[in-house]
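The structure under discussion appears below in the form of structure tokens.
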Amino acid sequence: MAVCIAVIAKENYPLYIRSVATQNELKFHYTVHTSLDVVEEKISSVGKALGDQRELYLGLLYPTEDYKVYGYVTNSKVKFVIVVDSSNTSLRDNEIRSMFRKLHNSFTDVMCNPFYNPGDPIQSKAFNGVVSGMMVQTG
Amino acid sequence: MAGSQWDLPPELCCRPMAFVALTGLDVVYNAVHRAIWDAFCANRRADRVPISFKVLAGDHEYPKCRTKRTSYEWYIPKGILKTGWMNKHLNLVPALVVLFYELDWDDPQWKEKQSECATKVEIVRTSLQGRNAKVAVVLIQKKTPLPPGEDLVASERAQALCTACDLSGKSLFVLPHTDHLVGYIIRLENAFYEHAQTYYYTEIRRVKSHKEFLNKTTHQLLFVRHQFKIAFFSELKQDTQNALKYYRTAYSLVHELRAHETNMLEIKTMAGFINYKICRLCFQHNTPLDAIAQFRKHMDQCKKKIGCAELAFEHSAWMSKQFQSFGELFDEAIKLGLTAIQTQNPGFYYQQAACYTQDRKQLAHQLCQAGASYPSPDPLDTQSGGLDFYGQRPWRQGHQSIDPQDAEKEKVGILALQIKERDVPHSELIIALLGNAVAQFKKYKCPRMKSHLMVQMGEEYYHAKDYTKAFKLLDYVMCDYRTERWCALLTDILSTALRCAYLMASVKDYILYCMELLGRASDLKEEQKSRIEKNLLKVLMNDVPEPEPDCDPSSVGAARSLWTDRMALAGSNEMTIEVQDYIPFIQCKAKFQSPSFHVDQPIQLQVFVRADCPHPVSFNKLSVSLSNQEYNQWCVAESSGQEDMTLLPGKPKRYRFSFVAKTEDVGKKIEITGIELMMGSDNGRCVFLSWRGAGGDAASAHEALQSSRSSRRWARGNEAHPELDWDGITLQNSTMIISRVPKISVVLSHQPPILTNEMYCIRLAVQSQEDAVARDVQLTTGLKPGQDANLSQTTHVTLDAFKVCDDSAASLLPDVPLGDLQPGGTLEKCIYFRCGSTGPRVFLFHVAYSVETAVEGRQIICKCHKDETVTIDTLVPFDVSVKFVSTKFEPLDRVAVDIPFLLLTDVVSSSPWPLLLASSSLQLLTLTSNTPQLQSQLQEVVLQTAECATECFCLRCPPGTNDNNTVATGQYLISWRRQSSNPDGPLIQTTVTLPHIILESVPVYIYADLPSFGRVRESLPVRYHIENRTSLVQEVEMAVEPSDAFMFSGLKQVRLRILPGTEQQMLYNYYPLMAGYQTLPQLNINLPRCQSSNTQALKRFLPQRIFVKPQGRQPEDASIAAA
């Protein structure tokens, strides 16, 4: 299960960041922010090669000592980042993919809300619920 | 430096090379020996064999070899690897000792020298006692040797020398001291290299042979040691593949050792060494993925092996070193050609190393309590000054049992280590590592990672109390986070920067960061914000602010006194802060009410100000500067006035300014160049917040965009103050001053279209609706500029109604004065246009005037103007067609000389308006008129649309004109005007060029005189005239053919001669028998002398038919006659 889940706008500012409460929240902000380097690089290199036939799932971004950072980019260039504890070896690639898919579906629901202004921070309860379901349960 | 304890020993990091000792060389005093030594060691390039040479004295003492152990049964090893071992085999124990000796084969004292050489060899052998190192002898000779086998003395003496020195033939070399020294040396060293290889091979065999004596319970350490040694010897032998294999075995054996707290450091140290060797060889073999995999495995295995809890910082230091040295290996491999990628580059390892050093610092902080004094005697001192084995504790070397042998000693030792650790400059280490990482991430396109590391560096400088550097770094990266709008991160950086600014007592930066932390980009808690706001107000009052929380207490004192000094300093209490690129807590937006203002309207400007801080804040002055500074005086709001200058949190406030533009600024743009807001007061501290342009800051563009997208905006629009929806306020930073709206009407009356070349009249009527006199009314009229260049050449404007203007008249008449215009009055003017070509044209009528008017009680003179344009098509007034016909109205393709013919002109009107043709005339060339000049037949004819006027001229080509030629005939002139135009106006001359005709001459001309009609049964006399046009006598045969319609009298057939230039007449009396158009009896003419001429051509001059009237009734005739 994830320790941090983030949604990043097309212009690379955060729309939503949620991390495990017990740990240093700021550190996750930095981790997500730095992972955007790799996301940008991947988008630009893939964009050239395949055009619109793009795989949304970007795979593992940063192999850090403590965490594994996974990325996913929607067609509208909104980025999802999931941070998983490195010690959590039970998670397979497929499970990460399905987490991203769930996240994407929920994000689509948020976007469909006529009262949501695209580009504003996400405050949807339903989205929050979906994210909570994917986070490590603490306490 | 204590950090060096963790550095890898240099003998581990170097590339092992075979060690060969050279003796018998006197490199100081002997030039020849010096040259030989230089050839060995100077400029060693990569293609030379890897040997490290050393010159040693002949009686040099080599390290003693311990007596060989025959049994390991009772032997308990004290450690894994001795600290001196690697150095011993790299630099002390040679693989080969070479003895240089000057001896020529024909030396006179051969015997003596031979025995001296043998003695020297013996000395070397003795000092190498017990070692397997080989000895070789090199004879330095002055003479060039003969080819092998030819010099019998040489081979005999070589044999003898080998025997005397107990050498094999392969170990005796000859070095002739001649020109090709380097070549000989290279051959020599290749031979040495082979010897060295053999030596290391036997060493490997020797170490391997120990294995059978070892047992797994007591000799575990030796397994590791032996594998390491074999691998190291393999490296010396340059067999890196096998070396790698043995190192890998050694590595797995290290982890099989029984690990406990006392030997953990030793195991980790050795594991680190072996791992380093493995990674190094993997990179060398160009298998970087193997290296990375090995390193990962190494880290996974060792991460948890912390060892002694009181010395946990040691583990972090060791981990950090592991990452750092791997990063260095990786970086070195890249320099040698390896390519790294964004997600796998040395930067990550440096970063991780920095991270572990941070851990180390933290642990050191926790574990090393201050105040304890360094124990005496120093437990870290050893008798030899160093350790015997790598990774052991100085106070219990060689001790391998699980529990420390002396608990008290252990405690003192740990304390000593802790005290030492306390003095380590951790921050320096961290910053250096972060610096390395930053350089790497910069190279591999990771700007955000770079920024993140720079933040860490800044924080580390902050902890190291180097506030200036910390501040610089933070300030540098802050704007990246601001523009990417990561508020949480920005707040964090700002808070640190604020602490730096406080501790440095940098007033301006302190104010700036306070402002940003109070602003909307900061996610600080409300109580934090109000604390900062209080501090900010204190600074504005020229007071010392409260220290920031979490500041180092020792620095706070120093900062306080710095602040007090600053406050005492006079003169520096005014400062301007550019806030545009930040996100300050006071937001400001300005807009002109409209993108353009007429010069007679007051210009309205609104400035909106909003504060985001938790408590109300007041300011003293708000001023706007405009591109024309003369207006600035109108755009100032001051607290001394009745304006309310207190801002309530989150409540936007609007300030309105209005001023009257100067008339000379008409057509110019007024821009807002800046806005200044003054906080504080003159007796405290004045801070001017300054915005460039119409305000806004680093975040407002995005907010405006979001606001425009928002669906909520529509709902908000219905509220009472829609303008005060802050995000929805758009900037309008410039306005155009445009001229006053003219209050006149311009009416054009005319009758389109224009006819080509006519003087087209347009009547312009200007009527004033002004309240005052319009002065200096001026008209600019003509072809509107910017159209086709050809149009301007064929368009002419004039005001003169009585003259057709010529081509010199311009296409645009500028500034025609029309005088003054009274209120309600009308001015009229006729303008005439002449267009020489067809097509549509745009005409411009620009009426300008000045009028006096009042704006907000001020009298100003405004210039106004009104433009009218009209598009008019130009048409040809009429089409003229011309044809030449014979007197019989038959079309002529050629005209006979001196024979009359007709010219017909048709004028067809294509004008929609009636045309008056005043007159027409012919201007003939070559031709002459056959009739006296008469009045024009078209005179005063009025042509309606599509009507046609035809004129007929009888012409003749005078004799003597060059025949068989094309000649010009002249022009047809028509004078005309519109029927509706002024009768006094000029007539327009239109000239039509007549077509050319082809002339021909006829030898004989024949024509007939006959009445215009005949009557049945009444005589009809016809006289034929036959003219000879040639200079010869012409014979003519004539015959008249009978006809049913006529009887006739006269010569039926005749042959006659006509003298040159004369004419013959033939008279016939025809007697018509039938009424109606009748064909005359045919006259056949033949010219026997002039066969070439076509007699048919003659016939066309003759009448063919005649109208015969019926016979009238006699009585009626009489009655008619009577009447």
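Going line by line, the protein sequences match chains A and B. Reading the first sequence from the start, the letters are residues 1 to 139 in my numbering. Reading the second sequence from the start, the letters are residues 10001 to 11123 in my numbering. Ideal Cβ positions, reconstructed from N, Cα and C, are used throughout, including at glycine.
Shown here, B:G11112 sits in coil according to DSSP, grouped into three states, outside any helix or strand. Around the CB of B:F11107, fewer than 16 other CB atoms lie within 10 Å, so the residue is classed as exposed. The three-state reading of DSSP puts B:W10486 in coil, since its state is none of H, G, I, E or B. Three or more pairs of CB atoms, one per stretch, sit closer than 8 Å, so the region 10081-10097 of chain B contacts the region 10009-10029 of chain B. Comparing alpha-carbon positions, the option among B:K10662, B:V10967, B:V10895, B:G10519 lying closest to B:R11100 turns out to be B:V10895. Fewer than three pairs of CB atoms, one per stretch, sit closer than 8 Å, so the region 10421-10434 of chain B makes no contact with the region 10102-10117 of chain B. Across the set B:R10978, B:T10730, B:D10552, B:P10595, the C-alpha of B:D10552 shows the shortest separation from the C-alpha of B:A10464. DSSP, read as helix, strand or coil, puts B:M10478 in helix. Every unbroken stretch of the beta strand (DSSP E) spanning 3 or more residues and falling wholly within the region 71-113 of chain A is given here in chain order: 79-85.
C-alpha of B:Y10972 to C-alpha of B:L11056: approximately 44 Å in a straight line.
Contact annotation, B:I10831 with B:L10799: C-beta distance approximately 6 Å; criterion of less than 8 Å satisfied. Across the set B:N10930, B:G10058, B:P10753, B:V10607, the C-alpha of B:V10607 shows the shortest separation from the C-alpha of B:T10730.
Any Cβ of chain B closer than 8 Å to the Cβ of A:T108 would place that residue at the interface, and such an atom is absent. A Cβ-Cβ distance of about 5 Å is found for the pair B:V10967 and B:T10926, placing them in contact under the 8 Å criterion. Counting C-beta atoms within 10 angstroms of its own C-beta, B:H10219 has 16 or more neighbours from the protein chains shown and is therefore classed as buried. Along the region 15-37 of chain A, going in chain order, the ones with a CB nearer than 7 Å to a CB of chain B are L26, H29, Y30, H33, T34, L36, D37. Taking C-beta separations shorter than 6 Å and ignoring five residues to either side along the sequence, the partners of B:L11098 in its chain run I11006, I11085, following chain order.
Check the Cα spacing between B:M11047 and each of B:V11022, B:F10597, B:C10355, B:E11063: the tightest is with B:V11022.
One finds H33, T34, L36, D37 in chain A with Cβ atoms closer than 7 Å to the Cβ of B:R10448, taken in chain order. In the DSSP secondary-structure assignment, B:F10901 is bridged to B:L10955. Leaving aside the five residues that flank B:K10361 on each side, the residues in its chain whose CB is nearer than 6 Å to its CB run, in chain order, H10426. Excluding five sequence positions before and after B:T10826, the CB atoms of its chain that fall closer than 8 Å to its own CB belong to A10765, V10766, Q10767, S10768, given in chain order. Among the CB atoms of chain A, none fall inside 8 Å of the CB of B:R10520. Listed in chain order, the alpha helix (DSSP H) elements of length 4 or more contained wholly in the region 10354-10435 of chain B are 10407-10422. The beta-carbon of A:Y67 is placed no less than 8 Å from the nearest beta-carbon of chain B.
Neighbours of B:W10486 in chain A, taken as residues at a C-beta separation under 7 Å, are given in chain order as Y13, P14, H29, H33. Setting aside the 5 residues that flank it on each side, B:A11039 is surrounded in the same chain by Q11053, N11084, each with a C-beta closer than 6 Å to its C-beta; the list follows chain order.
Looking from the CA of B:A10154, the closest CA among B:Q10141, B:D10166, B:K10082 belongs to B:Q10141. Taking 8 Å as the threshold, the shortest C-beta distance from B:K10445 to chain A falls below it.
A straight-line Cα-Cα distance of about 26 Å links B:V11033 and B:E11041.
Residues of chain A whose Cβ lies closer than 7 Å to the Cβ of B:R10709 are, in chain order, N117, P118, G119. The continuous alpha helix (DSSP H) containing B:P10553 extends over residues 10553-10568.
For the options A:F28, A:Y67, A:Y30, A:Y57, the alpha carbon positioned closest to that of A:K42 is the one of A:Y57.
The Cβ atoms of B:S10316 and B:D10359 lie closer than 8 Å to each other. Burial state of B:N11069 is exposed, judged by a 10 Å Cβ sphere holding fewer than 16 other Cβ atoms.
With a threshold of 8 Å between beta carbons, A:E95 makes no contact with chain B.
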